[in-house]
Amino acid sequence: MEERENIAAEFLRAGLEGAGSGSALTGSDIAGLLEIPRDSAMGDLAFPCFTLAGKLKKSPAAIATDLAASLAESVRGNKQVERGVAAGPYLNIFFTPAFRAGIVSAILEGDWLAPEPARAGRVMIEYSQPNTHKVFHVGHMRNVALGDVLVRLYEFAGREVVAANYIGDVGTHIAKCLWVFTRHFKGEAPAQHRGEFLGGLYKQADELLDFTRLTAYPHPGLFSARVLEMRPHPGNADWKVLKLDAGAKGQAQVVCGGTGFQTGAIVAWAPPDCSFLGRLVQRVDKAGISSEGLVPSCKELGTGEDRDKIHIFPRETPLGAEITEIGRRPGCIPTEQSVAAVIRERGAEVRAVLRGLEAREPSLERLWRETRQWSLDEFSEIYAWIGCRFDHYFYESEVDEEGKRLALEALEKGQLMRSEGAIGADLSTAGLGFCMLLKSDGTTLYATKDLALARRKFEKFNVAESLYIVDHSQSLHFQQVFKTLELLGFAQAARCRHVAYGLVNLPEGKMSSRKGNIIPFSKLRAELGAHIRREFLHKYQGEWPEAEIAEAERRIAVAAIRYGMLNQEPIKNIVFDMREWTSPVGNTGPYLLYAYARTRSILREVPELAGTAFDGALLIHEKERVVLNELAGFRRAVLRAVRDHNPQVLCAQLYELARAFSRMYEECPVKRAGEPALQAARLKLVAATGAVLRRGLGLLGIEVLERM
RNA sequence: GCGCCCGUAGCUCAAUCGGAUAGAGCGCUUGGCUUCGAACCAAGAGGCAGCAGGUUCGAAUCCUGCCGGGCGCGCCA
Numbered sequence: 003m004e005e006r007e008n009i010a011a012e013f014l015r016a017g018l019e020g021a022g023s024g025s026a027l028t029g030s031d032i033a034g035l036l037e038i039p040r041d042s043a044m045g046d047l048a049f050p051c052f053t054l055a056g057k058l059k060k061s062p063a064a065i066a067t068d069l070a071a072s073l074a075e076s077v078r079g080n081k082q083v084e085r086g087v088a089a090g091p092y093l094n095i096f097f098t099p100a101f102r103a104g105i106v107s108a109i110l111e112g113d114w115l116a117p118e119p120a121r122a123g124r125v126m127i128e129y130s131q132p133n134t135h136k137v138f139h140v141g142h143m144r145n146v147a148l149g150d151v152l153v154r155l156y157e158f159a160g161r162e163v164v165a166a167n168y169i170g171d172v173g174t175h176i177a178k179c180l181w182v183f184t185r186h187f188k189g190e191a192p193a194q195h196r197g198e199f200l201g202g203l204y205k206q207a208d209e210l211l212d213f214t215r216l217t218a219y220p221h222p223g224l225f226s227a228r229v230l231e232m233r234p235h236p237g238n239a240d241w242k243v244l245k246l247d248a249g250a251k252g253q254a255q256v257v258c259g260g261t262g263f264q265t266g267a268i269v270a271w272a273p274p275d276c277s278f279l280g281r282l283v284q285r286v287d288k289a290g291i292s293s294e295g296l297v298p299s300c301k302e303l304g305t306g307e308d309r310d311k312i313h314i315f316p317r318e319t320p321l322g323a324e325i326t327e328i329g330r331r332p333g334c335i336p337t338e339q340s341v342a343a344v345i346r347e348r349g350a351e352v353r354a355v356l357r358g359l360e361a362r363e364p365s366l367e368r369l370w371r372e373t374r375q376w377s378l379d380e381f382s383e384i385y386a387w388i389g390c391r392f393d394h395y396f397y398e399s400e401v402d403e404e405g406k407r408l409a410l411e412a413l414e415k416g417q418l419m420r421s422e423g424a425i426g427a428d429l430s431t432a433g434l435g436f437c438m439l440l441k442s443d444g445t446t447l448y449a450t451k452d453l454a455l456a457r458r459k460f461e462k463f464n465v466a467e468s469l470y471i472v473d474h475s476q477s478l479h480f481q482q483v484f485k486t487l488e489l490l491g492f493a494q495a496a497r498c499r500h501v502a503y504g505l506v507n508l509p510e511g512k513m514s515s516r517k518g519n520i521i522p523f524s525k526l527r528a529e530l531g532a533h534i535r536r537e538f539l540h541k542y543q544g545e546w547p548e549a550e551i552a553e554a555e556r557r558i559a560v561a562a563i564r565y566g567m568l569n570q571e572p573i574k575n576i577v578f579d580m581r582e583w584t585s586p587v588g589n590t591g592p593y594l595l596y597a598y599a600r601t602r603s604i605l606r607e608v609p610e611l612a613g614t615a616f617d618g619a620l621l622i623h624e625k626e627r628v629v630l631n632e633l634a635g636f637r638r639a640v641l642r643a644v645r646d647h648n649p650q651v652l653c654a655q656l657y658e659l660a661r662a663f664s665r666m667y668e669e670c671p672v673k674r675a676g677e678p679a680l681q682a683a684r685l686k687l688v689a690a691t692g693a694v695l696r697r698g699l700g701l702l703g704i705e706v707l708e709r710m
């Protein structure tokens, strides 16, 4: 039924010829220009005459008028096109009712809802990527909704899809979690929701390790010092050479590139051999002048966003005092303990766990495996609930070594460079800076593993196209990874795409573990379920089997979540408002389920009339015409949603169809249609509407209900 | 400071890869159930499209500059 456009185009081409402008445009040119009129009453398709105006040296309106006159002839006896009407610069086409209604048979009896013919090129869609030992919450649901729908859409487009997950099962977050579990947690792990339990531990670890709760300046080993002298640096106009007085800690000469301070100011001083921001501060020669440590900026100290401005302490600050104590927050830890000591101790404990994990220390390895499985079990439960699919699971733990080797090999080939002790790709010519792949201690980073993972996708899975469904904050990361892949000689890099999406916020603002307003999956499911039972299913208690009620509850909940997550452009932030998303009124998942249920209800109510053939020519009511056109627009919408990686397009199409159906429902009764032939025709139209709603919702990952 | 993204009705969002009078939902006002499901439908009010330029027959859409917000920017993932 794409033939609608083709038939209209051919008809128009003939009309142009009749008007003496035959060679102006080809049939396919015209088909490409055809639009759907703003107002359905204006026609079934619209041909804008603007582009012809230049070629024919006539005004668009004049062309439309001439075209209409020419078409008046060819319309006679035409089985498909009823008339062409000039409306300003547009020539609007009306199909014959029989042809327009042909879509119904195509849907019900043909393969109009079937996927596109198979196309070569396997595509991998990587999505979800949860971290074990962390809470899986509503925010993560957007990713799942988007990833899963893209899997379904790509398959509709005729592609072979490998749906992939990539589990974050290594890294410091796990060390933190297990640190709390082994050192601070007293009691038994629960029997239920053990993944979320681990997430809670992780959150607790984050709090224990959030040293800004203990002090305003959570950097042990730094001292307050007064700037005694400030001279320009002979080798670099942007630098200054400072002479610092750190009281009992002595004096030092430091080269500094920062701004916003003067002689006499009290600043922080990181002396040589102390550890600052995870790195050893060294005594360096900056262009021939020795610098004994450094003076951190506001950004480095965490007191501001400015990367150049130097943080200044109040006048009365004693010199040579450890800054952790200067900023000490009373009441957090016993006064006899020094903040710096606590920071060092906790940090050392976590690092010990991390080293133990990396060294595969048997007891830790066992604990890691066991707890990891708790999370994985919970993920499986979530995926089963929402109904998404994965064909393959990757784990960070399995690409770590591979990533390291890949980086070292690339270094040998001269594709990477060393910088400040680290190894990475120089992407500055592409405006992407430096992509670090191996830290100075030789360990890998996220990007390193992504390179190894990409290679696996290319070589083991032979994918021609690779999609990464990851939130928008990772845009730079993926630009760097793809560019580095290119640098390493992977031509497939050109077919890698980052599908970015925005955050999920709550009506009361952002989600953050600090505010404690994160909605974990178990809570989401429970609240959603209770709400839906109360609002939708309460009245069927006792009437329907409990199993049906439970399944309806799940489907409505999934419809609300999936539709809410998808009914907006992916790149934009969205607000998760449970009341709004579950509303039976308005542009929501439940409304669409309801519309479908009503189509089923009619089909149950009105028996099929045996022996009455479908006569589409009877469907001439304006409301019926609109429904037919919405049905006809379905495929185009699906294919556009795939092309743009934007399921919202499909949501909008389905919503318009549901609305058109509701409007038709008011004025075009099936049961009391009068004529049996009309009743039969309407019945088929209702059936076709239901079929498209079911198919479209299915592509969104939403399962319909026969009654609700 | 640099880069990416987003600014459309009171709120949440659309607008067919530059086209007709910028449209929906929510909320608000009003009307419609002895009728296939009123969980619906109909009508109304509500707009300086962030601001200022530019390109074009035509701009919410493309370009430039500002303003506002979000997110990033080598040893986290």
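In this text, residue positions in the first sequence follow the working numbering: the first is 3, and each later residue adds one.
Cβ coordinates follow ideal geometry from the N, Cα and C atoms, glycine included.
Asked: What residue ranges within the region 250 to 296 form continuous beta strand (DSSP E) runs of no fewer than 3 residues, ordered along the chain?; Found: 253 to 258, 268 to 271, 285 to 288, 291 to 294
Asked: Whole angstroms is fine: what's the gap from residue 241's alpha carbon to residue 442's?; Found: 26 Å
Asked: Less than 7 Å between C-beta atoms, sequence neighbours within five positions excluded: which residues of the same chain meet that for residue 683?; Found: 616, 617, 618, 620, 621
Asked: Can you give the beta carbon distance from residue 427 to residue 437, rounded, assuming they're within the 8 Å contact cut?; Found: 4 Å
Asked: When the Cα atoms are used, what is the spatial distance from residue 233 to residue 279?; Found: 27 Å
Asked: Just to confirm, are residue 239 and residue 314 a CB contact at a threshold of 8 Å?; Found: no
Asked: Count the other CB atoms, across all protein chains shown, that sit within 10 Å of the CB of residue 421; report buried if there are 16 or more and exposed otherwise.; Found: exposed
Asked: At what residues does the alpha helix (DSSP H) containing residue 512 begin and finish?; Found: Segment: none, residue 512 is in no alpha helix (DSSP H) and carries neither H nor E.
Asked: If you measure between the beta carbons of residue 288 and residue 269, is that distance less than 8 Å?; Found: no
Asked: Would you mind working out which of 694, 702, 699, 710 sits nearest residue 115, comparing C-alpha positions?; Found: 694
Asked: Nearest to residue 702 by alpha carbon, out of 302, 644, 223, 253?; Found: 644
Asked: State the Cα-Cα distance for the pair residue 168 and residue 391, rounded to the nearest angstrom.; Found: 13 Å
Asked: Note down, in chain order, each residue of its chain lying with its Cβ closer than 7 Å to the Cβ of residue 404, except the 5 sequence neighbours on either side.; Found: 454
Asked: What is the residue span of the beta strand (DSSP E) that residue 86 lies within?; Found: 83 to 89
Asked: Give me the Cβ distance between residue 501 and residue 470, rounded to the nearest whole Å; I'm assuming they're in contact under 8 Å.; Found: 7 Å
Asked: Starting from residue 522, trace the alpha helix (DSSP H) in both directions and tell me its first and last residue.; Found: Premise fails: residue 522 is in no alpha helix (DSSP H) and is neither H nor E.
Asked: Please report the Cβ distance between residue 85 and residue 96, rounded to the nearest whole angstrom; I am assuming they are in contact, meaning their Cβ atoms lie under 8 Å.; Found: 5 Å
Asked: Classify residue 264: buried if its beta carbon has 16 or more other beta carbons within 10 angstroms, exposed otherwise.; Found: exposed
Asked: Would you identify the three-state DSSP class for residue 44, choosing helix, strand or coil?; Found: helix
Asked: Would the beta-carbon of residue 589 fall within 8 Å of that of residue 569?; Found: yes
Asked: Applying the criterion that 16 or more other CB atoms from any shown protein chain within 10 Å of the CB defines a buried residue, is residue 461 buried or exposed?; Found: exposed
Asked: DSSP state of residue 479, grouped into three classes?; Found: helix
Asked: Pick out whichever of 156, 101, 567 has its Cα sitting closest to the Cα of residue 117.; Found: 156
Asked: Which term fits residue 334, buried or exposed, when burial requires 16 or more other beta carbons within 10 angstroms of its beta carbon?; Found: exposed
Asked: In terms of alpha-carbon separation, which member of 172, 496, 666 lies closest to residue 361?; Found: 172
Asked: Given a cut-off of 8 Å on the beta-carbon distance, is the pair residue 49 and residue 81 in contact?; Found: no
Asked: How should residue 252 be labelled, buried or exposed, when 16 other C-beta atoms within 10 angstroms of its C-beta is the threshold for buried?; Found: exposed
Asked: Is the CB-CB distance between residue 534 and residue 555 below 8 Å?; Found: yes
Asked: Nearest-angstrom Cα distance between residue 505 and residue 329?; Found: 34 Å
Asked: Please confirm whether residue 377 and residue 180 have their CB atoms less than 8 Å apart.; Found: no
Asked: Can you determine whether any heavy atom of the ligand PLP sits closer than 7 Å to the C-beta of residue 661, and answer yes or no?; Found: By its list of ligands, the structure shown contains no ligand whatsoever, and the ligand PLP lies outside what it can speak to.
Asked: Start and end of the beta strand (DSSP E) containing residue 473?; Found: 467 to 473
Asked: Output the distance between the C-alpha atoms of residue 327 and residue 478, rounded to the nearest integer angstrom.; Found: 38 Å
Asked: Between the region 144 to 160 and the region 638 to 656, do three or more beta carbon pairs fall short of 8 Å?; Found: yes
Asked: So, helix, strand or coil for residue 353, using DSSP?; Found: helix
Asked: Does the distance from the CB of residue 221 to the CB of residue 356 come in under 8 Å?; Found: no
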